[in-house]
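Chains as they are written, first to last, in this note's numbering: chain P, 37 to 247; chain W, 536 to 915.
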């Protein structure tokens, strides 16, 4: 237990209009040694998020006022330094997928398992640290290819994993996101680059030829 | 032999009779037909020459015809009017035996030849057909509303219970992790952990029941097709005003020309529109000025439908929970309409917002729908 507590407390922002869910999620992460701040609305969160980026964000997709998607847009989530987890209900998968396109890091479904989300956050932060330390360099596609400018930084990372031959599961583990989210990225990348299948994708990236 | 030419007034009368849209028949005091106009010939499939001189009962189904002579003589004897000057819905019989509903009004003329009776006959079949169609529409609407309400209630209950349950499970899991750490170093009785994990299991069970229920009433994915929103509004108005609730409310339409066809689920969007229109009508009930305004326009990315009313606006304390399920300021209803409407809008990649008004201004609800739905809601 002791070893888990961070030396400098990492900040987690939780944005959910339901006070009980917000508090309960906060309790879980506080017990893990994170510094948690809850926000009832997107506006209050945005202000804080812009001036003091936390280590990680939980964002409810269904909220009165600004929806989770609006917030992702306002935050320019594609380039936001902290991973943003979308909290979604069971029926909201299409919405969650859209959120990934808007730059959310990953999504978790309600009701969730405390153990699971704590691990997800830890993996995400570890991956973030590896990224900062430059450990991904070897995998990241560095050279230019047609359509590169269309991809987000995260998509370029995922593409690096795919072209290195990683499965969705392996890529997910490496980047700290769920295999399903890798799938979303993969589909999005193929769509953007006009690739018909994985082999096509590899050829475009490695040879610069268009499918 | 010379045929007596009709006088001017006779000629005029004949022309009037044959021009009339309604059937006109004149009988004498023994119920014999004296006049049978063109419209009657059409209605009953009989030619004037065939029926003039015969008893009027040839135009009636048996249950009337057997009584009719008695009615006439009873009236002549007692002067008690059963139909004269009143008019009522009765049935006529066509020459081919078909019995059909007619509206019959009867007047009396005192003539030198004795009393005569003038019947004016209107075929009720077209009106009946319209009434029937309206009744059917209304029945469908009621049925749709009932099914929707069931679905909505199930979905809303599942959603609303899911929130506290999510919190309960998180609290229990946090507690359980903490406690287990303490049990490991012996500061806490391991039996407590056991009880806690049982509690957690039960909460999970409740969760899985809700999941099942949710699955059962799972919101349908929008069944999208190209739709003219103007037409949807026409229909929504027709359906809403059918219920007579809209009597005395002026409806103002304000639509941009050349609206693009929208790729939406017509039934679901219809449901939102009906909801907003009904709310608007309800808001203006009892106000001096009663109108709702429906405006449609587009901006760069969205189509916007605004429904404004001349009501008192929405009080601040109500606005907060306006879109929450089961919160309602109305005496009847579950408080689901706006919650469901918003979730439908969001499922379409749009939203439903409100400008509450107040201080002399009514509320305006704004439904936004993305012009390009692939931008926001198509799954990967």
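Even for Gly, the Cβ is constructed at its ideal location relative to N, Cα and C.
Model, not experiment: these values are computed from the prediction.
By Cβ distance below 6 Å, which residues in the same chain neighbour residue 916(W) in space, the five residues on each side in sequence not counted?
Not covered by the structure: residue 916(W). The range shown for chain W is 536 to 915.
Closer than 8 Å at the beta carbon, the chain A residues around residue 881(W):
Any reference to chain A falls outside this structure, whose protein chains are P and W.
Can you tell me whether residue 775(W) is buried or exposed, with buried defined as 16 or more other CB within 10 angstroms of its CB?
buried
Listed from N- to C-terminal order along the chain, which residues in the segment 685–711 of chain W have their beta-carbon within a distance smaller than 7 Å of any beta-carbon of chain P?
694, 697, 698, 699, 700, 701, 702, 704, 705, 706, 708 and 709
C-alpha gap between residue 794(W) and residue 833(W), whole angstroms
8 Å
Kindly identify the DSSP beta-bridge partner or partners of residue 96(P).
123(P)
Got a sec: which bits of the segment 779–807 of chain W sit with their beta carbon under 7 Å from any beta carbon on chain P, in order along the chain?
none
Which residue comes first and which comes last in the beta strand (DSSP E) that contains residue 626(W)?
623–628
Cutoff 6 Å; reference residue 221(P); Cβ partners in own chain excluding five residues on either side
191 and 194
Please report the straight-line C-alpha distance between residue 232(P) and residue 240(P), rounded to a whole angstrom.
11 Å
Can you list, in chain order, the residues of its chain with a C-beta nearer than 8 Å to that of residue 42(P)? Leave out the 5 residues immediately preceding and following it.
Residue confidence is low: residue 42(P) scores 45 on pLDDT, short of 50, so the model does not pin down where it sits. No coordinate-derived value is stated.
Excluding the 5 residues preceding and the 5 following residue 715(W) in the sequence, name in chain order all residues of the same chain whose CB lies nearer than 7 Å to its CB.
728
Quick test of the definition: if touching needs 3 or more C-beta pairs under 8 Å, does the segment 77–95 of chain P touch the segment 108–125 of chain P?
yes
Could I get the ranges of all uninterrupted beta strand (DSSP E) runs contained in the segment 615–664 of chain W, with 3 residues as the minimum, in chain order?
623–628, 634–646 and 649–658
Separation of residue 895(W) from residue 808(W), as counted between CA atoms
24 Å
Contact criterion: CB-CB distance below 8 Å. Does residue 713(W) meet it with respect to chain P?
yes
Inter-residue Cα distance where the pair is residue 109(P) and residue 735(W)
37 Å
Could you compute how far the alpha carbon of residue 37(P) sits from the alpha carbon of residue 738(W)?
The predicted model places residue 37(P) with a pLDDT of 41, which falls under 50 and marks its position as unreliable; any figure quoted below should be read in that light. For residue 37(P) and residue 738(W), the distance between alpha carbons rounds to 26 Å.
Relative to chain P, which residues along the segment 882–902 of chain W have a C-beta separation below 7 Å, given in chain order?
886
Can a CB atom of chain W be found closer than 8 Å to the CB of residue 146(P)?
yes
Neighbourhood of residue 112(P) by C-beta distance below 8 Å, restricted to the same chain and skipping five residues each side:
139
For the segment 65–82 of chain P, which residues have a CB atom closer than 7 Å to at least one CB atom of chain W, in sequence order?
67
For residue 151(P), which residues in chain W fall below 8 Å Cβ to Cβ?
708 and 712
The alpha helix (DSSP H) with residue 579(W) in it runs from where to where?
573–579
Taking DSSP as the reference, what is the three-state secondary structure of residue 43(P)?
Residue confidence for residue 43(P) is low, a pLDDT of 48 falling below 50, so the modelled location carries little weight; the figure read from the coordinates is stated next. Three-state DSSP puts residue 43(P) in coil, outside helix and strand.
Between which two residues does the alpha helix (DSSP H) harbouring residue 62(P) extend?
55–67
Quick one: give me the first and last residue of the alpha helix (DSSP H) that residue 75(P) is part of.
Looking at the DSSP string, residue 75(P) is not in any alpha helix (DSSP H); the run it does join, the beta strand (DSSP E), is 71–75.
Give the interface partners of residue 54(P) over in chain W, defined as CB-CB distance under 9 Å, in chain order.
698, 699, 701 and 702
Give the C-beta separation of residue 789(W) and residue 830(W) to the nearest angstrom, bearing in mind that I take them to be a contact with Cβ-Cβ under 8 Å.
4 Å
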